[in-house]
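**Student:** The structure is given below, and queries will be raised subsequently.
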Ligand SMILES: C[S@@+](CC[C@H](N)C(=O)[O-])C[C@H]1O[C@@H](n2cnc3c(N)ncnc32)[C@H](O)[C@@H]1O
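Listed below in C-alpha cells is the structure:
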C-alpha cells in the first residue's frame, strides 16, 4: 500500500499561478502571497523551502478559488498598503487606491504651517485619509463622516491602529449634515462613477455606495462644492473622475471660483484643490 504523494511548494505555486493568469499580471507572486498567508510564513520562507512537500492547506484552496473569481487580494488578506503603512481592510470599504496618496499629500502640504485647524473628510471609508492627516498634521482636529455605519467601524479600527482615535471624530451622516463645527479644510474622495457605467469584475466586490456618485457621477462632488461655499470653508481638496474636470470647472465658475487641478501618476486628471 503506497501513501499519497504530497506536492512540493514549488508544484503548488506553479499550478496555482496558472489558475490566476487571467486575473492578475503577477500570478506567481499572488499565489505565493496566498500560500504564505495560509501557512503564516513570509514569501522568502516559501522560496527557500520550495522543494518541501506539504498538504495543500484547505483555506489556501478556498482563497485561491475566490481570487480566481476576481475577489480582491486585499479583502482576502484583510490588509492593504497606503502611504507606506499597513491598514486593515475588508469588503465593507473601498480598497484604498495609490492615487489617493496624492490627495493626502496636497492637503498636508497646504496645511503644513496652519495650527489647530479643523479638517472635515466626507466619505472616510477605511479612514486612510483622515488617519494619515492626523499623523501628518499633529495639531489638526479631524471630523470624518460616512453614510455607512459599517464603513465607520473599519475607519475606527484603523484610527486605533495608529493611535489617532482621539484626534478624529467619526460621524455617520450624509455629507456634513450632522456636523455643526466651524471647518477650515474640507477633503473628500467621494463616489464619482456614473450610475450605469460598466465596471471591471474586481470592482463588483466593492461597496456600491463607495463607487457610484449619481446619474451623472459628479452629483456628490457638486454637493460638496456647494457645502464648501455655504459653510464658508476656505480650502477644499477632492479626488474626481478622469472626465470630470470641465464639469467641476463650470460648477466652480457659478461661484466665481477657480480650482488647481492635478493629475495622477498615469497623467490622468484626478483631483483639484480650491483656496478661497
Ligand atoms: C470612494 S469611497 C472613499 C473612501 C476613502 N476615503 C478612500 O479614499 O479610500 C467614498 C466613501 O463615501 C461614502 N459615501 C457615499 N455617499 C456619501 C454621502 N452622501 N455622505 C457621506 N459619505 C458618503 C461611501 O460609503 C464611501 O465610504
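In the working numbering, the protein residues as written are 1 to 276.
No residue lacks a Cβ here, since even glycine has one placed at the ideal position from N, Cα and C.
Look at the alpha carbon of residue 213 and the alpha carbon of residue 184, and state the distance between them as a whole number of angstroms.
**Tutor:** Cα to Cα, the separation comes out at about 25 Å.
**Student:** Taking Cβ to Cβ, would you say residue 159 is nearer than 8 Å to residue 187?
**Tutor:** Taking 8 Å as the Cβ cut-off, residue 159 and residue 187 do not qualify as a contacting pair.
**Student:** Can you grab the Cα-Cα spacing for the pair residue 4 / residue 70, in whole Å?
**Tutor:** In a straight line, the C-alpha of residue 4 is about 32 Å away from that of residue 70.
**Student:** Starting from the C-beta of residue 92, find all residues in its chain whose C-beta is less than 8 Å away, skip the five residues before and the five after it, and write them out in chain order.
**Tutor:** Contacts found: 148, 150, 151, 153, 154 and 207.
**Student:** DSSP three-state call for residue 262: helix, strand or coil?
**Tutor:** In this structure, residue 262 counts as strand in the three-state DSSP scheme.
**Student:** Sorry if obvious, but does the Cβ on residue 122 come closer than 7 Å to a heavy atom of ligand 1?
**Tutor:** The answer is yes for residue 122.
**Student:** Just to confirm before moving on: does the CB-CB distance between residue 143 and residue 171 stay below 8 Å?
**Tutor:** Going by C-beta atoms, residue 143 is nearer than 8 Å to residue 171.
**Student:** Just verifying my parser: in three-state terms, what is the DSSP assignment at residue 150?
**Tutor:** Looking at residue 150 - three-state DSSP - the assignment turns out to be helix.
**Student:** CA-CA distance, residue 128 and residue 89?
**Tutor:** Approximately 10 Å between the Cα atoms of the pair.
**Student:** Express the C-alpha separation of residue 258 and residue 247 in angstroms, rounding to a whole number.
**Tutor:** Their backbone Cα atoms lie some 12 Å apart in a straight line.
**Student:** When the Cα atoms are used, what is the spatial distance from residue 182 to residue 31?
**Tutor:** Each residue's Cα considered, the two are about 49 Å apart.
**Student:** Based on Cα-Cα distance, which residue from 51, 102, 268 and 26 lies nearest to residue 12?
**Tutor:** Of the listed residues, the one whose Cα sits closest to residue 12 is 51.
**Student:** Please report the Cβ distance between residue 271 and residue 103, rounded to the nearest whole angstrom; I am assuming they are in contact, meaning their Cβ atoms lie under 8 Å.
**Tutor:** Right, the Cβ-Cβ distance comes to about 6 Å (below 8 Å), so this counts as a contact.
**Student:** Tell me the residue span of the alpha helix (DSSP H) that contains residue 29.
**Tutor:** Element bounds for residue 29: 27-39.
**Student:** Tell me, which residues are paired with residue 170 by DSSP?
**Tutor:** DSSP, once it has assigned bridges, lists 144 as partnering residue 170.
**Student:** Once you ignore the five residues that flank residue 319 on each side, which residues in its own chain have a CB closer than 7 Å to its CB?
**Tutor:** Missing from the structure shown is residue 319; the chain here goes from 1 to 276 and no further.
**Student:** For residue 193 versus residue 217, is the C-beta spacing smaller than 8 Å?
**Tutor:** Yes.
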